[in-house]
Amino acid sequence: MDKLRVGIVYGGRSVEHEVSIASATSILGALDPARYELTLVAIARDGRWRLGAPGMLPASAVKGEEVTLPAVPGARTLMSVASGAAAAQLDVILPIVHGSGGEDGSLQGFLELAGVPYVGAGVLGSAIQMDKEVSKRLLEAAGIPVVPWLAVRAHELAASEKGVAERILRAIGLPCFVKPANSGSSVGIHKAKTRDGLIEALHDALRYDTKLLIEQAVNAREIEVAVLGNDAPEASVPGEIVPKAEWYDYEAKYVDERTELIVPAQLDEEQVAEAQRLALEAFRALEGAGLARADFFLDRDSGRLYLNELNSLPGFTEVSMYPRLWQASGLSYPALLDRLIELALERGRTRAGLERTYRRG
Numbered sequence: 057m058d059k060l061r062v063g064i065v066y067g068g069r070s071v072e073h074e075v076s077i078a079s080a081t082s083i084l085g086a087l088d089p090a091r092y093e094l095t096l097v098a099i100a101r102d103g104r105w106r107l108g109a110p111g112m113l114p115a116s117a118v119k120g121e122e123v124t125l126p127a128v129p130g131a132r133t134l135m136s137v138a139s140g141a142a143a144a145q146l147d148v149i150l151p152i153v154h155g156s157g158g159e160d161g162s163l164q165g166f167l168e169l170a171g172v173p174y175v176g177a178g179v180l181g182s183a184i185q186m187d188k189e190v191s192k193r194l195l196e197a198a199g200i201p202v203v204p205w206l207a208v209r210a211h212e213l214a215a216s217e218k219g220v221a222e223r224i225l226r227a228i229g230l231p232c233f234v235k236p237a238n239s240g241s242s243v244g245i246h247k248a249k250t251r252d253g254l255i256e257a258l259h260d261a262l263r264y265d266t267k268l269l270i271e272q273a274v275n276a277r278e279i280e281v282a283v284l285g286n287d288a289p290e291a292s293v294p295g296e297i298v299p300k301a302e303w304y305d306y307e308a309k310y311v312d313e314r315t316e317l318i319v320p321a322q323l324d325e326e327q328v329a330e331a332q333r334l335a336l337e338a339f340r341a342l343e344g345a346g347l348a349r350a351d352f353f354l355d356r357d358s359g360r361l362y363l364n365e366l367n368s369l370p371g372f373t374e375v376s377m378y379p380r381l382w383q384a385s386g387l388s389y390p391a392l393l394d395r396l397i398e399l400a401l402e403r404g405r406t407r408a409g410l411e412r413t414y415r416r417g
């Protein structure tokens, strides 16, 4: 039986470049070489695609041979930029490019043009899950609880810094969180406790996006649920993140070894069922496919669950929450990757079977 040719695409131009490399390194070590022919494709910081040589680690492949993937369905062939010759053929791609240009629909749109099946949500699902403000609107429309929020755009702040601050203080109050609408790994996010701190946070967050999301801070536990599937998704057991810092920022996620990931979370049966129900509802409302991680706030005072966000491409090292949740639910890390590849091929076959030409009658 021929091996399935899997391309692991990672890196990218976003601030989550290193996070992506870590995910790719874990995935490479977990996929069965007897079952898969693996190809590393590193997207360097300048946006160029680089081919990893056999046996090369993901961190080194960013210096490999430059290749391109023609945006033409059928070939599924990486081409050498230097020679124009075929460099590698692919049956499916596992895109593990976190952040902008990777999980915002851009890469997914390119892969759709190239006609290569890929793991994860499509163009629309990726885009709306990445945009925290658009996803909030859709979640509210679906009746899924979210914390009070509002959006601010760069031109509004430039026109009236004072006016924007007063609007936030009236509608949201302090403390509040200021977030770039399209960013991940808590990059550019600040907890504002004073008016001056709010204005400073707004300006800093604008370094990463022209649209910002401002959310009311709640005294909450951070609960996460992993979702897996296409048309019939399943939810994992919930887990809990317990940062030692005041909140779960970039340092707490990737640097502070004191951060605890508790799997399964200490919740009662009713809370578990509610978190799983809301995770699946959010997955459907935000056009999820393949995988997603639903992040919740569990209000310590009211006991109410709020959906913070749905992440279409969560961190994927062996110690990341998404694989750990499935491990606790009975699905090992290698088996999880196998299932994600199967779901990508399933979705690819479905889309390939759609009519592309109008036929009368």
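The sequence shown stops at residue 417 when you use this note's numbering, and every number in between is there. Positions of the beta carbon are idealized from the N, C-alpha and C atoms, including for glycine.
Would the stretch 155-174 and the stretch 82-92 be scored as touching if the rule is three or more Cβ pairs under 8 Å? no
According to the Cβ coordinates, are A331 and F353 closer than 9 Å? no
If I77 and G85 are in contact, beta carbons under 8 Å, what's the gap, nearest whole angstrom? Actually they do not touch by this definition, with Cβ atoms about 13 Å apart.
What are the complete beta strand (DSSP E) segments, minimum 3 residues, inside the stretch 199-280? 205-209, 232-236, 246-248 and 267-272
Quick one: what does DSSP say V97 is sitting in, helix, strand or coil? strand
Helix, strand or coil for E124 per DSSP? It is worth fixing the name first, because residue 124 is Thr in this sequence and not Glu. It is a strand residue.
Which stretch, first to last residue, makes up the alpha helix (DSSP H) that contains D394? Y389 to A408
Report all residues from its chain with a CB closer than 7 Å to the CB of I200; omit the five preceding and five following residues, and keep chain order. L334, E337, A338, A341 and L363
What is the residue span of the alpha helix (DSSP H) that A384 lies within? M377 to A384
Helix or strand or just coil, what does DSSP make of L134? strand
Where G295 sits in the DSSP three-state scheme: strand
If I measure Cβ to Cβ from M112 and keep anything under 8 Å in the same chain, skipping five residues before and after, which residues do I get? L96 and G120
Start-to-end residues for the alpha helix (DSSP H) that takes in P114: P114 to A117
Taking the Cβ atom as the reference point for each residue, do P236 and K247 lie within a distance shorter than 9 Å? no
Check Q322 in the structure and name its three-state DSSP category. coil
Does the beta-carbon of T388 have 16 or more other beta-carbons within 10 angstroms, so that it is buried, or is it exposed? It is Ser, not Thr, that sits at residue 388 in the sequence shown. Burial call: exposed.
Inter-residue Cα distance where the pair is V128 and E256: 46 Å
My output table needs one value for F372: the three-state DSSP class, helix, strand or coil. coil
Inter-residue spacing [alpha-carbon to alpha-carbon] between E280 and V137: 42 Å
Just the C-alpha distance for D357 and N275, rounded to the nearest angstrom, thanks. 7 Å
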